[in-house]
Every structure is written in C-alpha cells, then in structure tokens.
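Numbering (my numbering), first residue to last: 2 to 384.
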C-alpha cells in the first residue's frame, strides 16, 4: 500500500490518469479545500488562545511567573499572527489538523489500549495497492499475536492482494517483492498485478465477486504534482474513483455494528462539517471488528493523519461526494462512516511502507516519519 506525498506502503497505489474531470466537480473539490484550510486556521487560533488562558491560570498566585507569562503571551501572539497570514500547510510537514490519540487520551491510555483489528477469520478480503505485498504477508502469515483476533485461522484463499504495477514493474521497483509473492501464492493467496483501483470492474475474474473487506492502505495518485492544490485535487479524484468502483464489489447485508470506546453524539448518517470532531467521537481501539456474518461489506482507507493528507477530506468524499455533471462519470454512491481508529504499523510483522515509485538510488524508498496513521471504515448507505 502506499502513502501520499511520499506514498507509503510498498504498494504502488498510484494510478493511471483518471480522465478529464468536469469543471464543476473540480470547483466543488477546490471549494471544499478552501473550507478545510479556513478550519485549520481557526483551529490554530483557538489552540493559541487556549494555551494563553491556561498559562494565565497556572501563573496566578505566582509573582515570579509574570515575566514568563508575558513571554508566553508574546509567543502566542506571534503564532496567531503567523497562522492568519497563511493557512496553507506545507507538504511533508508534521502539522496535524486534529489531535492525536496521545494528545487526547494521554500517553498511558495510548500505551494500554489494544489496537483495533478490523478483520475476522471468516472474512473475504480484497487488498488494493499492495506495492511489495508486505502487508498481505503480515496479514496471512504473521497476524498480530498481541491481540486475540483469531486471524491465525484466516484461510489464505480468502485473501486477494492486488498491485497497480505489472508483475515485472513490481519486482523491479521493490526488492524482495518476488520472494514475498512466491510465498503468498504457495499458501493459496490470490495475487493480481495491473489492477486499477478506480476500474475494478475491468479486472478479469472479478465479475460477480463480493468481499467483506476492501482495503486500501495509504493511497496516492503518485503523479509527482508539486502544486499542493492540484496534488490534493488529483488524490481526491483518485479516492472518488475508487469509492465508486469498489461499491460494486461489497457484500450486501445489514449495517455493521462495531464496538466503540466512546459515545457518539450524532447518527452515522448525519452530515457533519467538523470531521475531526466526528473522528474523536468514534475513536475505537477494540479488537472485535464486527458481530454479524450477514453484515454488508466495508471499505477501509488508511492515511497519515497530518497535512496534506487531511486536506483530502476522505470522510467527506465518501459521505457527501460532489454531484456529477453531464458527460461525467455516474454519481458516486454515498457511504456511512462507521468508525475511525489508529493504524498501528508495528503490530503487522514485516510490514514496511514504500514510496509509490519504488526504491531509488541513494535512498531507501521509505516514507517520512511523524504523525499518526489512521483508518476510516465505511459501508454503503441505504438508498
């Protein structure tokens, strides 16, 4: 799978050209970007104000803190002024638009929580963009031992792993991929190359098939666009194409019931503008993913929860996709956001993110560090 800007998983989640999109669709997505950037600026100002107020409270009754208080106020004013000048995040920075679990729950809570495993041993699983297939290997051959997920009983034949690259390109880009693929095939895993996530219906042998889980870890268009706004738009178009195509391959059934560690103030179908607030309310760290085998299938998308990836606004694209126009693709289906949870790379043995373009000379092909990885899980909304 892979990551944005420096695509992450060893998967080439990168995509072919998606065709010329309509002006109205681009306009809708760009308008969405503007709203998100404004929210980021407002959040930065609110955070600065809160920090100032907290500093004043802590310093009350301590005469010696007066100088420190003034210095802190000055620094906060400087920060607020800077955020008001420009709200555009810089690609590659570690500035997050929402607090991480460490910030929200404290280091102790983070350390004691059990990671969420969104799979069960009876699931049929379709993995998209599996660069060097190291996540597939971890899922099938080395499932998390620290969590009682039961995945050691997952039949390898239940897993279909795909890569966008051709087989030859994959082995050339990702050293070690050939050996991994050989081992997976020996176990019975279905491995496919040359699979476009936005055109799954064109894959030979996929017609009529349905999956419980369709997973894309760290998707990225991989077009090397340096302009951030155009880069965001390109990736939003990619996500929309994937959500449209994947809908045809999800199992039908009842709406899944997932375990949540906190209360959710609103119904899953409610249209919220503040996605960060929604994510906080739906934060999950329980190993049991679902409770009923007759539930409808779900889509899981994992991204780093920092700019510029947060500006893609994946939850919004899934729940409220921009309306199509004449001559464009058919309307995107609408999804319900079931939950979001931290994605812990460390529990997937041997899994390593790689750049979409593979390992280059004088580099490791790995992505940058910093920030939280987060998974969003969706199911199709009732029409």
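Don't be surprised by glycine CBs; every beta carbon is placed ideally from N, CA and C.
Of all the options 306, 342, 186, 311, which has the alpha carbon lying nearest to the alpha carbon of residue 259? 342
CA nearest to the CA of residue 176, picked from 148, 135, 160, 190: 135
Identify whether residue 135 lies in helix, strand or coil by the three-state DSSP scheme. helix
Determine, using beta-carbon pairs with one atom in the segment 145–158 and one in the segment 119–134, whether at least three such pairs fall under 8 Å. yes
Endpoints, the alpha helix (DSSP H) within which residue 243 is located: 229–247
Apply the 10 Å Cβ neighbour rule to residue 54 and answer buried if 16 or more other Cβ atoms are within range, or exposed otherwise. exposed
For residue 1, the nearest candidate out of 192, 304, 319, 311 (CA to CA): There is no way to answer for residue 1, as the model of the chain reaches only from 2 to 384.
Write down the C-beta distance between residue 303 and residue 375 rounded to the nearest angstrom, noting that I regard them as a contact closer than 8 Å. 7 Å
Rank 144, 337, 323 by C-alpha distance to the C-alpha of residue 331 and give the top, closest one. 323
Buried or exposed: residue 47, going by 16 or more other Cβ atoms within 10 Å of its Cβ? exposed
Using DSSP's beta-bridge definition, name the partner residues of residue 299. 214
I need the DSSP call for residue 387, collapsed to helix, strand or coil. For residue 387 there is no data in the structure shown, the boundaries of the chain being 2 and 384.
Could you compute how far the alpha carbon of residue 253 sits from the alpha carbon of residue 183? 33 Å
If you follow the alpha helix (DSSP H) that residue 378 is in, where does it begin and where does it stop? Per DSSP, residue 378 belongs to no alpha helix (DSSP H); it is in the beta strand (DSSP E), 374–381.
Spatially closest choice to residue 217 from 241, 205, 179, 144, by CA coordinates: 241
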